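Written out below as structure tokens is the structure these notes cover.
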Amino acid sequence: MDGANIMGKILKYTKLNASSLAGRIGLSTPQRIYDILKGKTKRISPELANKIISSFPEINQTWLLTGVGNMLCTTNNPNNNLPNQSETDNDQNHVDTTTEKLFALVESQGRVIENLAEEIRHLRAELEEVRGYSAVKKSPVDPAKPAETAAYVYIGESVMNK
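The opening residue of the sequence shown carries number 4 in our numbering; numbering runs sequentially from there.
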């Protein structure tokens, strides 16, 4: 089940429209919900799932993230994290699919974290260049080769103090 189907079922269950659901779970706009419904965003993110579960704790987190299992938590599943065991005992392929989806989700989040870390490194380098110094390498900057100079010592009046 894809994110659009899952979100559609959530809207039907809660008897809310996208805008009302967004307000209920603390989103400033319903755009993330619309993106999921239109298929622009393929899955519900863990962050969005947590917001939904905060307002609707009866919704099964695994189902919300993967579409596997029951939409609502059962008495056999109080921790809201794993599908009900009776749902998966008779179908090993179902278990394999659930596991694969969860691993794919974890890998996807790992890539997001790596991309954000790289962006942070890039932004720090830019900030150091604007400030005109670096704690990493205390050497003068060669203006002709700024890309080769990892960092700089204070040069002239600080941009930040103007």
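A virtual CB, placed ideally from N, CA and C, is assigned to each residue, including glycine. Computed from a predicted structure; not experimentally measured.
The alpha helix (DSSP H) spanning Thr32 covers which residue range?
That residue, Thr32, is in no alpha helix (DSSP H); it is neither H nor E in DSSP.
Opposite Ile62 in the DSSP bridges: which residues?
The partner list for Ile62 (beta bridge, DSSP) reads Leu75.
Could you tell me whether the region 5 to 15 touches the region 33 to 53, using the rule of 3 or more Cβ pairs below 8 angstroms?
Contact between the region 5 to 15 and the region 33 to 53 is present, because at least three Cβ pairs lie under 8 angstroms.
Should the region 54 to 65 be regarded as contacting the region 10 to 28, the criterion being three or more beta carbon pairs within less than 8 angstroms?
Enough Cβ pairs lie closer than 8 angstroms, so yes.
Return helix, strand or coil for Val10, following the three-state DSSP convention.
It should be pointed out that residue 10 corresponds to Met in this sequence rather than to Val. Of the three classes helix, strand and coil, the one that applies to Met10 here is helix, per DSSP.
Check the C-beta distance from Leu51 over to Arg35 and give it rounded, since I have them as a contact under 8 angstroms.
About 6 angstroms; that satisfies the 8 angstroms criterion.
Just to confirm my understanding: we take Glu129, look at its own chain, exclude 5 residues before and 5 after, and list those with CB closer than 6 angstroms. What are they?
Hits under 6 angstroms: none found.
Using a Cβ-Cβ cutoff of less than 8 angstroms, which residues in the same chain neighbour Asp94 once the five nearest sequence positions on both sides are dropped?
For Asp94, the predicted model reports a pLDDT of 48, less than 50, meaning its position is unreliable; a value from the coordinates is still stated below. Taken in chain order, the list of residues that qualify is empty.
For Ile13, which of Met74, Ala120 and Val133 has the nearest alpha-carbon?
Nearest of Met74, Ala120 and Val133 to Ile13, Cα basis: Met74.
Going by C-alpha to C-alpha distance, which of Thr32, Leu68 and Asn63 sits closest to Ser111?
Residue Leu68 is the option with its Cα nearest to Ser111.
Go to Gly26, then tell me how far its alpha helix (DSSP H) extends in each direction, as first and last residue.
Note, Gly26: alpha helix (DSSP H), Ala21 to Ile28.
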